[in-house]
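K.L.:
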Amino acid sequence: MDSKTSARHNADLLERMLLDGRAEPTYLPLSLLEDITNCFCVDQEIGRGGFAVVYKGKVGKGMVAVKKLSNTFKLPEEKFHKEVECLTKAKHKNIVRFLGYCSETHGRIANIDGKFVMADTREWLLCFEYVPNGSLDKYITGMIIT
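Residues 1 to 146 (the UniProt record's numbering) make up the sequence shown, in order.
(1) For Ala23, collect the residues of the same chain with a Cβ closer than 6 Å to its Cβ; drop the 5 residues on either side in sequence, then sort them by chain order.
(2) Looking only at C-alpha atoms, which of Ser103, Ala110, Gly57, Glu78 sits nearest to Phe40?
(3) For a cutoff of 9 Å on Cβ pairs, would you count Phe116 as touching chain B?
(4) Can you give me the start and stop residues for the beta strand (DSSP E) that Asp120 sits inside?
(5) Measuring CB to CB, does Tyr101 end up less than 9 Å from Tyr55?
(6) For Ser103, which three-state DSSP category applies?
(7) Please identify the residue among His106, Phe73, Met118, Phe116 whose C-alpha is closest to the C-alpha of Leu30.
(8) Count Cβ pairs between the segment 68-80 and the segment 116-134 that sit closer than 8 Å; are there 3 or more?
(9) Is Phe128 closer than 9 Å to Pro59 when the C-beta atoms are compared?
(10) Asp35 and Ala7 look like a contact to me (Cβ under 8 Å); what is the Cβ gap, rounded to whole Å?
(11) DSSP three-state label for Thr72, please.
(12) Would Arg108 pass as a contact of Ala119 if the rule is Cβ separation under 9 Å?
(13) Starting from Ile36 and walking both ways along the beta strand (DSSP E), at which residues does that stretch end?
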């Protein structure tokens, strides 16, 4: 399967997951999450916090929210794995549905003080069903202005 066919297959899988409420969360490749968020374009940004930025992604006729953890936040790998495990188990009508995760490491060459070194860049992302109407904290604190 070439990369274009693989990308289409992954997008189709994610779209089917959106339609099937019983589908289990799964691994999602970074290339797919980049594609559906337009390479994490600032125009797709819907939220930002101390540890992550959340982007809206388009999957067929549906929408997802992709939470990209900051590379500057040094979360231990086992904590990320535990988070994915907890999100996978959390199923309730009042909890936004977790669709999948991405955990990829890439070697990058970096120039540090005139020396070129190979550095690993870790990408951790979480993908959720998109829920419109803003952030939940605004509803909880009564800050919604209509």
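Think of the CB as a built atom: it goes at the ideal place given N, C-alpha and C, for glycine as much as any other residue.
P.N.:
Let me spell this out:
(1) Stepping through the sequence shown from its first residue, residue 23 is reached at position 23. These residues qualify, in order along the chain: Met17.
(2) Here residue 40 is taken as the residue at index 40 of the sequence shown, counted from 1. The option with the nearest alpha carbon to Phe40 is Gly57.
(3) The question asks about chain B, but that chain is absent: this structure has only one protein chain.
(4) Within the sequence shown, numbered from 1, the residue matching residue 120 stands at position 120. From DSSP, the beta strand (DSSP E) with Asp120 extends over 115-129.
(5) Taking the first residue of the sequence shown as position 1, residue 101 is located at position 101. Taking the first residue of the sequence shown as position 1, residue 55 is located at position 55. No.
(6) Start at 1 with the first residue of the sequence shown, and residue 103 comes out as number 103. The answer is strand: DSSP assigns Ser103 an E or B state.
(7) Start at 1 with the first residue of the sequence shown, and residue 30 comes out as number 30. Nearest option by C-alpha distance: His106.
(8) Taking 8 Å as the limit for Cβ pairs, the verdict is that the segment 116-134 does touch the segment 68-80.
(9) By one-based count along the sequence shown, residue 59 stands at place 59. By one-based count along the sequence shown, residue 128 stands at place 128. Checking the sequence shown, residue 59 turns out to be Val, not Pro. In this structure, Val59 sits away from Phe128, with a CB-CB distance that is not shorter than 9 Å.
(10) To locate residue 35, count along the sequence shown from 1; it is residue 35. To locate residue 7, count along the sequence shown from 1; it is residue 7. Going by Cβ atoms, the distance from Asp35 to Ala7 rounds to 6 Å, so yes, they are a contact pair.
(11) Numbered from 1 along the sequence shown, position 72 holds the residue referred to as residue 72. Annotated three-state conformation of Thr72 is coil, per DSSP.
(12) Here the question's residue 108 lines up with position 108 in the sequence shown. Here the question's residue 119 lines up with position 119 in the sequence shown. Yes, the pair counts as a contact, with Cβ atoms nearer than the cut-off.
(13) Taking the sequence shown and counting its residues from 1, one reaches residue 36 at position 36. Premise fails: Ile36 lies in the alpha helix (DSSP H), 30-36, not in any beta strand (DSSP E).
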